[in-house]
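Sequence lines, in order, name chains U and A. Sequential numbering from 1 applies to the first sequence in our numbering. Sequential numbering from 1001 applies to the second sequence in our numbering. Glycine included, C-beta positions come from ideal geometry on N, C-alpha and C. Notes follow once the structure below has been shown.
2 protein chains.
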Amino acid sequence: MDQQYSSVLLENAVNEFAKLPGIGRKTALRLVLHLLRQEESEAEKFGNTIIKLCREIKHCHVCHNISDTDTCAICSDPSRDASTLCVVENVKEVMVVENTRQFHGLYHVLGGVISPMDGIGPADLEIESLVERVAAGGIKEVILALSATMEGDTTNFYIFRKLAPFDVKITIIARGVSVGGELEYTDEITLGRSILNRTLFSESFKG
Amino acid sequence: MDQQYSSVLLENAVNEFAKLPGIGRKTALRLVLHLLRQEESEAEKFGNTIIKLCREIKHCHVCHNISDTDTCAICSDPSRDASTLCVVENVKEVMVVENTRQFHGLYHVLGGVISPMDGIGPADLEIESLVERVAAGGIKEVILALSATMEGDTTNFYIFRKLAPFDVKITIIARGVSVGGELEYTDEITLGRSILNRTLFSESFKG
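In C-alpha cells, the structure reads:
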C-alpha cells in the first residue's frame, strides 16, 4: 500500500524505519509517532547513537569481530585460551557462542559462508586470514561452528582442506537432538546423526 | 537479561532501539546488526532523518495535527468542507479517518482523552481551542470520533456540554457490529447499541 502522510518529514522517517528487517509501514509509523511523543533530545540521542555506531565501529584485525578498538576485547583478554579457535559465520554467532559460557578460546569471524547462488566465494570470506593465523603456529584446535546447512557444510569442507597441511586438530560442533526436544518430532537425518555420533553416557554430564 | 556486548557503541545502539515500543533486546540487536551491514551513508541517513523529523516537525496551529508547515495540508486545502469538524484523540486517528476516504471536512486533534487515572484533565487537552473554533462561527457540525472507552465517553460528554451553548450539530460516530463481523461473536453491549441505533435499510447503501 502506497500510503501517503500529510507530512514529508514523517513520510521520510517512516520510510527509513520500514527499510529495517521485519518492520512494515504500520509498525514504522507506530515507532516514529512514539519518537515524536518523546522529548526532542531523546530522539536526537537515538539518531546520533546510530550515526556514531556506524562511523566509529571497527573490526578486530585479528578475529574480524566488531569492536570499539583495533583488537577486540576477546582477542586482547589474556585469560582466554589462545590455542583454540572457534570459526563462526558472523558477529551474531560470536555473541551466541559467548552466551553459552562453554567456550573460552578465541574466535575467527568469516563474514558469511560460501554460497555460489549468492555469488559468495572463498575469496569473499576471511578464510585466507584464518589459514595465516593457523600457519603462524600456537593453535592446537580449530572448532568449526557454522550453520548445519549445505552452504555451511561446503565451507566446513573447504576450510578442512585448507587446514589439512597444518598440525592442528579440526573439530565440528555436535549435531543431534535439541536439548528438550522430543524424539517423535526430530527429523530423521538429525536423529540418524545423533545415533552415529553417540557419546559415552558418563561423558554426557561434562561441561 | 542484562546481556553485555563486547562493544560499547553496539550496546548503546541496542539500548536506544530497545526503548521503542514492542522492540525487545533481541530484535534491537538484529536491527542494529542490519544497519551495520549497510553502507555507512545509509545509517547516517537513517539517523539524520529522525533527528530532522523531531527538530523540524510542527503542529498545525488550527487543528494541532502534525505538519511540515504552520498550517497543515488539510486545513489549508480549499476543497475541504470547513463547516464540518471531526474531533479525534491523536495524530494517528487523523490518518485512520483519512484512509476511510469518507470524511471531507477538517479535524481537531485533542492530544488525548480525559483520564483522571493518568492525571489528564480537560486543561491538558485542546478542548478550549475547539470551543474557540466553534465560537468563531462557520462550523455547522462537530463529529466526535473518540475511542468507545470510558475515557472516550467522558471526553465526549465534556465536549458536548462545552459546545451546548453554540448553534452547532454535535454527532458521534456509529457504534455497532463490525463490517464482516458475525453476530454470534459480537458482545451484547455492542449488539444492543446496534439495535438501538438501527438505520433505514435504504440509507445503509450511502457513502
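{"Item": "Partner residues on chain U for Ala1013(A), Cβ-Cβ distance less than 7 Å", "Value": "Thr49, Ile50, Leu53"}
{"Item": "Sub-9 Å separation of Cys1086(A) and Cys1075(A) beta-carbons", "Value": "no"}
{"Item": "Short CB-CB distance (under 9 Å) between Ala184(U) and chain A", "Value": "Reading off the sequence shown, one finds Glu at residue 184(U), where the question assumed Ala. By this cut-off, Glu184(U) is not an interface position."}
{"Item": "Any C-beta of chain U under 9 Å from that of Glu1008(A)", "Value": "For the record, residue 1008(A) in the displayed sequence is Val; it is not Glu. Yes, contact with chain U."}
{"Item": "At least three beta-carbon pairs within less than 8 Å, the stretch 1053–1069 of chain A to the stretch 1035–1044 of chain A", "Value": "no"}
{"Item": "DSSP-derived helix/strand/coil call for Thr1154(A)", "Value": "helix"}
{"Item": "Inter-residue CB distance, Val177(U) and Leu196(U) (contact presumed, cutoff 8 Å)", "Value": "Wrong, their Cβ atoms sit about 13 Å apart, outside the cutoff."}
{"Item": "Beta carbon proximity, Arg1025(A) to chain C, threshold 9 Å", "Value": "In summary, chain C is missing from the structure at hand, where the protein chains are U and A."}
{"Item": "Under 9 Å by beta carbon: chain U residues contacting Met1095(A)", "Value": "Gln3, Tyr5, Ser6, Leu29"}
{"Item": "The stretch 15–33 of chain U in contact with the stretch 1100–1111 of chain A per 3-pair CB rule at 8 Å", "Value": "no"}
{"Item": "9 Å Cβ cutoff, Gly1022(A) in contact with chain U", "Value": "yes"}
{"Item": "Neighbour flag for Asp68(U) against chain A, beta carbons, 9 Å", "Value": "yes"}
{"Item": "Straight-line Cα distance separating Ile143(U) from Phe166(U)", "Value": "14 Å"}
{"Item": "Residue range of the unbroken alpha helix (DSSP H) whose run includes Ser6(U)", "Value": "Here Ser6(U) belongs to no alpha helix (DSSP H), and DSSP marks it neither H nor E."}
{"Item": "Nearest residue (CA-CA) to Gly1121(A), options Gly1152(A), Arg1133(A), Ile1139(A), His1104(A)", "Value": "Gly1152(A)"}
{"Item": "Chain U contacts made by the stretch 1060–1086 of chain A, where a contact means CB separation under 8 Å", "Value": "Asn1065, Ile1066, Ser1067, Asp1068, Cys1072, Ala1073, Ile1074"}
{"Item": "Min CB distance Lys169(U) to chain A below 9 Å", "Value": "no"}
{"Item": "Secondary structure of Thr49(U), DSSP reduced to three states", "Value": "helix"}
{"Item": "Three-state secondary structure assigned by DSSP to Lys58(U)", "Value": "strand"}
{"Item": "Rounded distance between the beta-carbons of Lys140(U) and Val94(U), thought under 8 Å", "Value": "The Cβ separation is near 20 Å, so there is no contact."}
{"Item": "Cys60(U) beta carbon less than 9 Å from that of Asp70(U)", "Value": "yes"}
{"Item": "Beta carbon proximity, Asn90(U) to chain A, threshold 9 Å", "Value": "yes"}
{"Item": "Closest residue to Arg175(U) among Ala164(U), Glu188(U), Ser194(U) (Cα-Cα distance)", "Value": "Ser194(U)"}
{"Item": "Chain U contact for Gln1102(A) (CB, 9 Å cutoff)", "Value": "no"}
{"Item": "CB contact check: Thr190(U) to chain A, cutoff 9 Å", "Value": "no"}
{"Item": "C-alpha gap between Thr199(U) and Val131(U), whole angstroms", "Value": "30 Å"}
{"Item": "Endpoints, alpha helix (DSSP H) assigned at His1034(A)", "Value": "1025–1037"}
{"Item": "C-alpha gap between Lys162(U) and Asn90(U), whole angstroms", "Value": "20 Å"}
{"Item": "Proximal chain A residues relative to Glu16(U), where beta-carbon distance stays under 8 Å", "Value": "Lys1045, Phe1046, Thr1049, Ile1050"}
{"Item": "Supposed close pair Val32(U), Val8(U) - CB separation, criterion 8 Å", "Value": "The Cβ separation is near 13 Å, so there is no contact."}
{"Item": "Boundaries (first-last residue) of the beta strand (DSSP E) holding Leu200(U)", "Value": "Per DSSP, Leu200(U) belongs to no beta strand (DSSP E) and is neither H nor E."}
{"Item": "Minimum Cβ-Cβ distance from Glu1040(A) to chain U less than 9 Å", "Value": "yes"}
{"Item": "Beta-carbon spacing of Thr1027(A), Gly22(U) below 9 Å", "Value": "yes"}
{"Item": "Helix, strand or coil at Lys169(U) [DSSP, three-state]", "Value": "strand"}
{"Item": "According to DSSP, residues forming a beta bridge with Asp81(U)", "Value": "Gly105(U)"}
{"Item": "Residues in the stretch 98–129 of chain U having any Cβ partner in chain A nearer than 9 Å", "Value": "Glu98, Asn99"}
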